[in-house]
Every structure is written in C-alpha cells, then in structure tokens.
Amino acid sequence: MRSRSNSGVRLDYYQRIVHRLIMSHQEPVTGLFPASNVNSHAWIRDNVYCILAVWGLSMAYKKIADQDEDRAKCYELEQSCVKLMRGLLMAMMNQKDKVETFKITQNPLDSLHAKYSSRNGQPVVGDGEWGHLQIDAVSLYLLILAQMTASGLQIVFSLDEVSFIQNLVFYIESAYCIPDYGIWERGDKTNHGEPELNASSIGMAKAALEAMNELDLFGARGGPASVIHVLADEAHKCQAVLQSMLPRESNSKELDSGILCVIGFPAFAVDDPQLIHNTKDAILSRLQGKYGCKRFLRDGYRTPKEDPSRLYYERWELRMFENIECEWPLFYCYLILFHAFQNDKMAVKNYAERLERIMVRSDDGILLIPESYAVPQNLVANEYQHPGSQSREVVGRCPFLWGQSLFILGRLLQEGFLAVGELDPLNRRLGAQKKPDVVVQVVIIAEDNEIRDKLAEHDLHVQTIAEVAPIEVQPARVLSHLYTYLGRNRKLGLTGRKSRDVGILSTSKLYSLKDRIFAFTPQHIDYEEYYTTRDPDLLASNFTTNLAFLTNNWRHMLGRPTITLMATHYMLDQDKIPLAMIQTMRKLKSGYINGTRVMLGNLKDFLNTSAITDLSFLGSTEDGYPDRLHPDVQTYLDEHLLRSFSHRNTMNLRGGQLRPRSLRRRMSCKGAIKKTRSINVDSDTLGMEGPTQLSERRLSSIVPPPWLQANKQNHISVFATTPEEGPADQSEIIRENIYPIDPHHNRTAMERRSEFARQQEIQNIPKILIQRHRTDNNFADTEVEELIAMLRETENLEEQGDILQYLVDTQGLDFNTGMLEEGRVVTVRDLLKGLYEKACQQKLWGLVRHTAGMLGKRVEDLAKAVTDLLVRQKQVTVGMPPNNEYTITAPLPEAELRQLIHDAYGDDESTAMLTQELMVYLAMFIRTEPQLFHEMLRLRVGLIIQVMAKELSRTLNCDGEAASEHLLNLSPFEMKNLLYHILSGKEFAVSSVARGSLSIVSCKSSRVSKKSQIGLGDPEGEDALVATIDDRQGQWLRRRRLDGALNRVPRDFYSRVWTVLEKCQGLAIEGRILQQSLTQEMTPGELKFALEVETALNQIPQPEYRQLVVEALMVLTLVTEHNMVPSLGGVIYVEHLVHKANQLFLEDQRKVQGDATLCCAKSNGKDHQAASGMLLCGGAAYICQHLYDSAPSGSYGTMTYMARAVALVLDCVPKHGEMDCTIS
C-alpha cells in the first residue's frame, strides 16, 4: 500500500469518475440504470455489469476506511449495489407466474423478460416482441448476487425472496438443453429469431448453479431456512455440454468473443486449463483486431452494409459482412481482467496500452470506452481487400457503461487497490487447479440375513438393513420426491422443483433431516423399471463407470462421495450370487478398481468423512413451525419406509392336465416372434431391402381374419355355455392399424390365418344339425382355448412366446383368457408379464427384449439419453435406411420418442427395444468417452444395428438370420461391449459361453490401427503401414463399412468441403445438390454447414459406397488446397468420379490379371452381372467389391484412382504438361 494520503487521493479520483459516469444515471426509485439518456429500458445483463465497478470501489474503500468520511463513502457505494440488485429482484418477482410456467413449458414466450422499465420496473415490450429468453442474464444476476452476499452485502430480506431465488435456480437448471437468444439477444446469427443452444449461456448457468449451492442468502445472520440448494448433477450436465461445445458458441456461430466471460471473470466456468487456453487462442486468432474484438464472424450489427430498416438478414447477405464486422473495445476489458486473474502482468500491460489508444477523451479529460468501432462507408472496399488496414470510427454509445465498469475494475486491480480474491469471494477462479484424488466410499447392504450369509461365504462381510439403523436406506425416487418440496411458496404461487431426475452425484451424499440420517441408492438401479438391471454383468460394468465418473466430477463439495448399494434377492441368479458381483466386490476390497481409489466399509464408519446435506427445507416454515416436518412429507416418509425394498411374486402359467388333441396344433404358431424381425443382414447392399424383405415384415393385419369378421347373422353359439363365449362385442378385439400398409405386407399373415380356419373346419365337423347354426365365431373360441391349453403344458419359453405373440396379434393385449388367478381374471397382458419375469430369470435376452417391447416397458431414461447425445451436437436417426429413417434433431418427451421409434420399426418390437437400449449405451459412452465420437455428426442407430449383425455373421460365419438371432440374444452387457468395439474400431472375437450365450472379447491385434481414418495428409502414417503388413481379405471393405455406418469422416472434412464448394457451382451427391450459395450464408467451421453436407451424404444407403464418396471429396479438396486451378467449373457430380475410378481400376486389373478378373473385370465384358441385377462379387452400387477392399494409398490404392478420375472428369484440370500428382 502507498501512504494513506496518496492512495486516498487516487481512490477519491475513481470515486468521482464512478459517480459521474455510473451512479449519476441510477434511477432514484427503482435503482436501475437506463440504457442511455434517450432510452429508459434497463437490461438485466448491462445493469449487473454496470454495478460491478461500484461494488469493487466499495471494497477498496473498506480496506482504507480509517476516517469517518471514507466509511460513509464505502457505505453509500455498498447501498447503491444493494439498491440495484433489489430493483432487478423486484422486477423479476413481478413476473413470478412466468417463472412457474417456464419450469413446465420451457417455452421462450413464458420466459422472464430481458429488460424492464428503469422508472417503475414494469415490462416494456410484449412476450413475443423481443428475444426475452436469455438464460445467461438471469444466471449472471444469480452469480453476482452470490458473490456480493459472500462479500458481506445484505441483498435478500425475506424468506419469500429466498423461495423466489430458489425457483430462479430451477429456471436456469436445465440451461444445457434449452436453446435461448444468448448474450447478443439474437439467437441464430441470421437474426430471424430462432433460439439456439449457446455455450456462453450454459457456462454462465453452470457458474451460477455452483455459486448458489449451499449459499445462505442472509449471510452470516441466516439459518437453515435461508439456504439455497442445487442438485450437483444439474451443474455437472451444464459443465459436460459446455466442454463438448467449446470453443464453438452455437450451431450458427463457430466462435464468439462473449465466451471470454465464461472462461474468465466473472464466471470461471471451465475447469480444464488446456481448454481455457485453446478457447482464448481461437478467439484472439480469428476475432481480435486493432480496436477490440469482433463479437462473432459475419456479425452485421452496425456495419455500413447493414440495412437498418429491417431486423433480420437475408441468408445470402451474410457474406458481405465478412472482414468489416464492428470491433468492440469491451473485450479488451475482459482480457485485462482475464490476465489479471492469471497474474500475467505483461499481458495486462499489453492490453491496457492497446485500450488506451482506442479510448475517447471526454471534454473534462476522463477516458471513455466507446461501444464499438465500424469501418466508414467510403473505406469499405479497401478493408475488404486488406482486412484490418483501414482506420475506423466510433459507433454506438459512448461511454458504454458495461465496458466502462469492467475498465474501472481492471484499473483498481492494476493499481493494487483490490486483490483478485476480493472480486471473487467464492473462489471460483481456483476451479481449474489440480485437486487431490477423490476416494469413493462404497457401502454394500444386504436385504436380509440370508443374503448376508451368502456374501459371507465369499469372505465379504456386510450389514443388513436392520443393522445399519438408525441410518435409513431408501431408493433414489424417495430423494427425488423430497426435492419437489424445495422452493414451494403458497404466497407467491410457486410449486417447487419439477424435474424428477436425481443423478449419481446427488445420491452419493448422505442427508440429514432433523435427527435422522438417510442414504440413497443410485437411480439407475431402481429395479421396478428396466430389464437391463437384470443383467449382473451390466450392473457391475455401470457401477465401475459410475465410480470413475465420481472421481472425475466430485468438485466444490466438502467430504467424500459415498455410494450405497443394496444386495437383494432380485439379483440372485438361480439362488446364487452372480460371479460378476462377487468379482466386483473383491476388487472393491482391494482398494483400487480400474484406477479409481475406493474404500469398502460400513455406513457408520463413513459418517465423519461423507458429504452430508441438510434437508431443512422440509420443515413447515410457512406455517410458522420450521422445526416440524411438513405434514405431507411426514406421511410420505411413513408410508415409504416399509415399502421401498420389497419384491413381488410372479404369476405361474403352469397347471391343468395335458390335452393330447392340442399337440396337433403346436406348430401353427411356431416362429410368430421371428416373423416380426426386420434386421436385414444378408442383402449386401446394407440398408436397401428389396420387396422380398418387406413381405417378411408382419404388421397387424388390416383385414380381420374370417373368424373375427363381425357376424352378419348374429346367432348365439350353440356351444356358448357362458355369456363370455358368445359373440361379444368384438370391436375391442380387432386392433386398429395405424400404419399405411403395402398390401403385400399381409400376405403371409393372411395365408397363415386362413390356413388355421381350414384346419378348424377339417377337425371340427360335428353333427350337421349344429354346423348350420354355428358361426365363424366358434372357431376363434376353440382356437383360443386350445392355444391357452398348449400354453399351460409347454415348458419351453420360446414356444410360450410364439403363442402369446399370436394371441396378441389376433386378440389384443387385454383379451380375457378365461383363466382365473386368485379370483382375478387373467388377460393376455398378465400372461406376458409372467413370461417376461421368467425370461428375465432364465436370461433369455431375445425373448426379454421382445416381451418388454410388447408390454411397452421403458428403457432407463430414454429421453435423457437422447438429450445427452443431442446437446453434444450429435443428431440421432432411428429406423432402417433408406425408407424408414427418422432424424431426431431436438429433445423430445419420452412418450413421443417411444412412438417415433415404434413407427420407425413397425411391429418389430425386438428391434425397437434394442434401439432404445443402444441409445442409452451411446449416451453412456458419450458421457464417459467423448473421444469415440469425434468427427461423427449423426448417429444412425438402424445402420449401427445392421452393422452389428453383419459383424456377428462375419465372426461367427453364419447367415444373416442366425446373426440377427444371435444379436438379439446377446445379454445387455455383451450388447454394450459389442457396440463399444464397433465404435472404437477395435478388433473383437466372439467366444461362446455356457447356455449358448455369446461373449465379445477384444483381440489385441497390433496390426489394426485403433481408429479408421482416411489417411490424407494424416501426420501419423500408420494407415499406410497397416496396408502393407496386413493383406487379409476384406479388411478395408469392413473398415469402410464401419466408418460409413458410423458416419465418421476425416479431420476438418466439412470445412475442406466448404473450400471446394467455394470454387465450383455445386456438388451433387445422390441427386442432392449442395449449392455454392451455402458458402454465402455459412462460415466453414459452422455446424449448420456440416449438417447440410451430412444430410446429402446420408442419402447414400450403402455405407462402403458412402465412404468412397467421402474419399472422392477429399481428393477434390486437395485440388483446391494446392491451388492447381482458379475454379473447378460447374456442378460436380461426385458419383461420376467414383464410377470413373472404378472403370480405371478394372482396366488396370485386366492388365495385371488381378482378383477382379474373376468378377467385374471379366474379359468378355458382358457377363459381369448376376441374374439378380447385382454384381457377381456383390459390390454395392455397381462398384467392384475389390475396389472397396483396396487400401487408400499405394499404386493400386483408391486414392490413386480417384486422383486419376478427377484429372479425367474435370475439364478445368490441365491435360498436358508436368504436374506434381503425388498423394501424401
């Protein structure tokens, strides 16, 4: 510190500046700042940034306040902050109904307003007249509110305000999946008012959620009732999505300087130092100029080319803004703060000097920060030619208070009046520092003594539920219910938390409630819901994944994570504890499991080291009894304590004596389930089913079978002994079909059914007298009776499945079977449930998946899984290409998703269930190993299923039908394993285990590189190496097929295609033309452009052919990148290049008598098509199989042929003279 006099004088100077520039504009009634002298609107974001300088100055005065007048100044500055923050709070509380509605609808029209009147805090524009949904503004408010409260300011006065702020936390908690208008209020940069997911909003929300967690809004004087609670998993989801997006801002903005406030002050939302560094460098290299930084590429705001008469831009005009975007000095202020917090004095000095040069001096000598600098109209042409060469002029407000406030903070830090810690009392800046390893505590609790003794046999000693008392163990759904009471307030009409989701971070804490302590088991093992929990191997594997997840993501919490697991009867496999469980528990005892440090022990030993959260919000504070439990909570807990872990008995199908005459009919239902399958493997054109394939797809028939047609002459049946058997109202039985159907679909089903009718007639010819009265109805009755008798006597579950499938098709799920169980009527649905339970016990996974599909069971959190994929910028398609593929581009509710998947697969329940299961596994992988998904934009689940089946048929040497049966019978764990091997490109082998189930084993084959990459200028030339060592048949074909099905493309592929598109009039792929105009509206790195290219490539149904098209595009990019020619001419038909390359390949093969002379390169030339119109060698799209199986490099490599094809097909490439044509 300098001597009192000097520092005091200097501070008084800043106090005068702050007073003149900032505080003099504060409205006396509301405390808000108007946007300017002529515009009285107050924006939440700008107001919060304006007040930061006042808050900083107040803390600087607090340190030197040894004279009364200094204390008075300090208090005045502090109260100015309180007044502003409360003004914004009042404005938002006036819109409390919006907060309540938005929690449910998340509709932009229901959002809080982004700006209010500075005179009375009322709304100034309508809900639909402005892009109000700006999650970053509300988050910034909460973040600064938390920081100011932690610094000692008292901003919140009453418990009602506390509940409102708790609801604001719910308002921002789903930021990771809510598209908003973002920091620039524009949404998509064409300014048509389309919201999009913005990294800057998600980062700010993550920071606010972490800052608010366990914060007492009454500061040091508060109690349990004024504490804000945040579920740690919500902040983590924001973090995961943020990390997957950076340095991208959104779909339309590949970079944005606004991200500076997320990686540095005020949010400090990124924990990975490398990512912070890369993001900052990307912004500086692409957006920094002499006068500050551009907001984002092709930002037309206030440029001379912008048409001020309309709000939106035409798509084609975005190109005009390139290189003349306005530059904003504001970002230099952010950079100064960023480097001050990093303690990098040189960089601070550098930016401070740059900023001095571009600031404007006012008449009384104060330095002002202008809003932005634009290129003058008359210099635009020169600026286009030499970007950054022309001098610019100030446009917009001056001083720009948002920037001015940050500038003053920077000055206070540089001159030593403030330490960085004072601007960040919650220590958010330390988030990116290395932490010690987290030890995960694991507790295993046995359901009863029997299970405890079974575990003890394996030398694993655990306690039972009774023995852990007084600590109570509950399933996660109880915690989820308790959290719905958080933030309820009758006076304000607020109903508390809406989301039902509690993640693993929340269930890994212990919870105290009055004098009770609760532990909760993780949500994903709630047995009621999902069949995947019946697979012990999958449970064990998910458990280790969760441990690793906790180690990496347990932050900002006191204490260690504690996972509580129940060992129940449910998990037993034929009364034994499954091997997978035993092995996992043994590893836990050792203290390390897959690199994670763990401790296995009893709950009471971990009480001192665990994270414990107080559930004090469950008291009846509103009724004046904060110490008593809310009466609803009390009853809920009392009911739940006993019920939570009981298991159910299952129905028994056996019973009734054998009836010999039904044996004749056993065969009629055989294969009913198999007929529903739609996975297609055999046809080599993967994904192109011909008509033969379709006739196999059995859809519930539109035309009811003869015995179901409503009777014209409604006779009562002679045999009708009970009223039920008479011709009851049959309209319920005939299932309506909701799919448009090709008449051929039903042929097999109809023939099968009329066959039944014929057999009936032959068997049941009784006395002629009865025959005359008998209507067709009776056949159905006897039919059903016999089927049910068969069902009773057959031991084989597969057969029971076929019979029930047939009953469901003909009678529907709610058909009364005439059986009674404990006095209740048994429907087909009840029988199915019983079968499902049995199939689960016997681990017949194909049957489990099928019956689960018929019963409409859910897969674990399907909607959450799809959202996880979408928010990480991956689109998902379901259904078999090319006819039935549906693309999911935005998060959907669970019911709509299931309907969509059902529509995509028709009646194929097994594949529909498998699709849901795979989506959950994909989401698991993208959460834990995002690197598997690099360079993949769309995940086409239908194709992945077909490739999985194809891979099985390759490794097991069986035909397609057998392979799809094997695939559907894989246990959930092996299914996840196979998917992992296919995603990672690892080789695998299939080993058979007991009872015909298969297991997938990694081959550590040194020959195969881990990820297939088209080796184009790839730094590591490993692929070329592989090609030489490994000349096994089919390897390159298989790799192309995998890459094509996974839609994997080479690095920077899309931005390289952009450069090709810039030099020609269009690229045609499978009849879709990518127009050159796309380069006018989109930048090379923009996600929207990549999706356009992807959509065109997805038109190609055969994966290996798609990969050759990608390779052809890469050769074109080489032509443009080496600037061989100024332009590539008109529209380029990419397929022509591939077919030309194929011709050249065949010519060469004839010359050297290669393998292809056996099929496509036969010398007579006529005979190389098979009778079916396919190629003899089975190559897709009339390209020889041997070309697909050539390595990319080498003199006979695909790249060489592609390059020659390009030279021949494109007119623009010179035909004579020397030309360097080596492919790196």
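One rule links them: number in the numbering used here = place in the sequence shown (from 1) + 13.
The beta-carbon is built from N, C-alpha and C at its ideal position, and this holds for glycine as well.
This structure is a prediction, so every number in the text was calculated from the model and none was measured.
Through-space distance from residue j to residue i, alpha-carbon basis
i: Met333; j: Leu324; result: 16 Å
i: Asn1111; j: His863; result: 29 Å
i: Pro904; j: Leu910; result: 9 Å
i: Thr900; j: Asp1202; result: 30 Å
i: Arg405; j: Glu435; result: 37 Å
i: Leu210; j: Gln886; result: 10 Å
i: Ile276; j: Ala282; result: 6 Å
i: Asn829; j: Glu1099; result: 58 Å
i: Leu268; j: Arg261; result: 5 Å
i: Gly1079; j: Gly509; result: 54 Å
i: Ser239; j: Leu230; result: 6 Å
Residue burial classification, residue i (beta-carbon count within 10 angstroms, cutoff 16)
i: Ser714; result: A caution first: Ser714 carries a pLDDT of 31, below 50, which makes its placement in the model unreliable, though a value can still be read off. By the neighbour-count rule (16 or more Cβ atoms within 10 Å), Ser714 is buried.
i: Lys362; result: exposed
i: Phe170; result: exposed
i: Asn391; result: exposed
i: Arg837; result: exposed
i: Thr902; result: exposed
i: Asn565; result: exposed
i: Lys504; result: exposed
i: Val243; result: buried
i: Lys522; result: buried
i: Asp59; result: buried
i: Ser1140; result: exposed
i: Gly1143; result: exposed
i: Gly313; result: buried
i: Arg370; result: exposed
i: Pro286; result: exposed
i: Pro400; result: exposed
Identified DSSP bridge partners for residue i
i: Gln1120; result: Beta-bridge pairing links Gln1120 to no other residue.
i: Glu186; result: DSSP lists no partner for Glu186.
i: Met579; result: Ile458
i: Asp627; result: Ser525
i: Arg501; result: Thr508
i: Lys589; result: Asp586
i: Ile595; result: According to DSSP, Ile595 bridges with nothing at all.
i: Leu1087; result: Leu1080
i: Glu209; result: Asp193
i: Ile530; result: Ile484 and Ser525
First and last residue of the uninterrupted beta strand (DSSP E) at residue i
i: Arg323; result: Counting along the chain, Arg323 falls outside any beta strand (DSSP E), and DSSP gives it neither H nor E.
i: Thr864; result: Unbroken run through Thr864 is the alpha helix (DSSP H), Trp858 to Met867; no beta strand (DSSP E).
i: Thr840; result: Arg837 to Thr840
i: Val611; result: Thr609 to Leu613
i: Asn395; result: Taken as a continuous stretch (DSSP letters only), Asn395 belongs to no beta strand (DSSP E), being part of the alpha helix (DSSP H) at Val393 to Gln398.
i: Asn829; result: Asn829 to Glu834
Assumed close pair residue i, residue j - CB separation to whole angstroms, cut-off 8 Å
i: Val879; j: Val872; result: About 11 Å; that fails the 8 Å criterion.
i: Gly236; j: Leu350; result: Their Cβ separation, rounded to whole angstroms, is 35 Å, which puts Gly236 and Leu350 out of contact at 8 Å.
i: Met949; j: Arg1061; result: 5 Å
i: Phe183; j: Lys109; result: In fact, because the Cβ distance is near 12 Å, the residues do not count as touching under 8 Å.
Host alpha helix (DSSP H) of residue i (start-end)
i: His290; result: Pro286 to Leu300
i: Cys63; result: Ile57 to Ile77
i: Asp246; result: Ala245 to Met258
i: Thr807; result: Note, Thr807: premise wrong, no alpha helix (DSSP H); not H, not E.
i: Leu555; result: Residue identity differs from the one stated: residue 555 is Asn in this sequence, not Leu. Unbroken alpha helix (DSSP H) run through Asn555: Pro549 to Asn566.
i: Asn1155; result: Val1147 to Val1165
Residue i: CB within 7 Å of a non-hydrogen atom of the ligand NAD
i: His1152; result: Judged by which ligands are present, the structure shown has none, so any question about the ligand NAD falls away.
Any chain C beta carbon closer than 8 Å to residue i
i: Thr1092; result: Judged by its chain identifiers, the structure shown contains no chain C, having just a single protein chain.
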